[in-house]
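Report on one structure; see the data block that follows.
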Ligand code: F6P
């Protein structure tokens, strides 16, 4: 059976500083993970070598992180101070809350529809993505409800392997202690 592998990008400088969004550089730990990832994939994962992919690499704009609009680059504390009502509204309905000038999780789910169509057609594939994006993809393959989706834990420095079955998906996780 074919599998879909997910991993967040290595820890970013923004992750370290608690800032959201942005196109931040990787932290030293994040760089270490990026370097260790190919071996983790080829040596340790299952009986389906990812060489099936022939290592073709694609970069998809539709995998950009949830756009936090005016809050891009801020910490959660800064957002709460600057936009207290927004902060409360997001807590109230995280799936539907749309950042000012940005996106909601619902928007991202819609944006990801073509990606999901493509994933359904692919053989083994590894997606390196952002947290909110991987939450949406993970929820799709596990049929998780919308209300739970924005709270799914997708840890850093961990590869999640999903193998679709007739009903649902098998899952394995491989964490690197970086
Ligand atoms: O902090 C990393 C990050 O990927 C941000 O870029 C993004 O806004 C956030 O996580 C999404 O998580 P949440 O929806 O829980 O704020």
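Numbering (the UniProt record's numbering), first residue to last: 313 to 490. Beta carbons: idealized from backbone N, C-alpha and C, even for Gly.
Quick test of your reading: residue i and residue j, contact by CB under 8 Å. State the CB separation rounded to the nearest angstrom.
i, j, result
"residue 431", "residue 437", "7 Å"
"residue 377", "residue 442", "4 Å"
"residue 462", "residue 407", "6 Å"
"residue 324", "residue 342", "6 Å"
"residue 333", "residue 380", "4 Å"
"residue 346", "residue 322", "5 Å"
"residue 339", "residue 328", "5 Å"
"residue 464", "residue 485", "About 13 Å; that fails the 8 Å criterion."
If I follow the unbroken beta strand (DSSP E) through residue i, where does it start and stop?
i, result
"residue 482", "481-487"
"residue 391", "First-last for residue 391: 388-394, but that is the alpha helix (DSSP H), not the beta strand (DSSP E)."
Tell me, please, which residues DSSP counts as bridged to residue i.
i, result
"residue 441", "320"
"residue 472", "318 and 485"
In the structure shown, what three-state DSSP assignment does residue i receive?
i, result
"residue 331", "strand"
"residue 337", "coil"
"residue 456", "coil"
"residue 406", "coil"
"residue 376", "coil"
"residue 478", "coil"
"residue 370", "coil"
"residue 353", "helix"
"residue 419", "helix"
"residue 436", "coil"
"residue 381", "helix"
"residue 467", "coil"
What residue range does the alpha helix (DSSP H) around residue i cover?
i, result
"residue 411", "Run containing residue 411: none; DSSP gives neither H nor E here."
"residue 428", "425-433"
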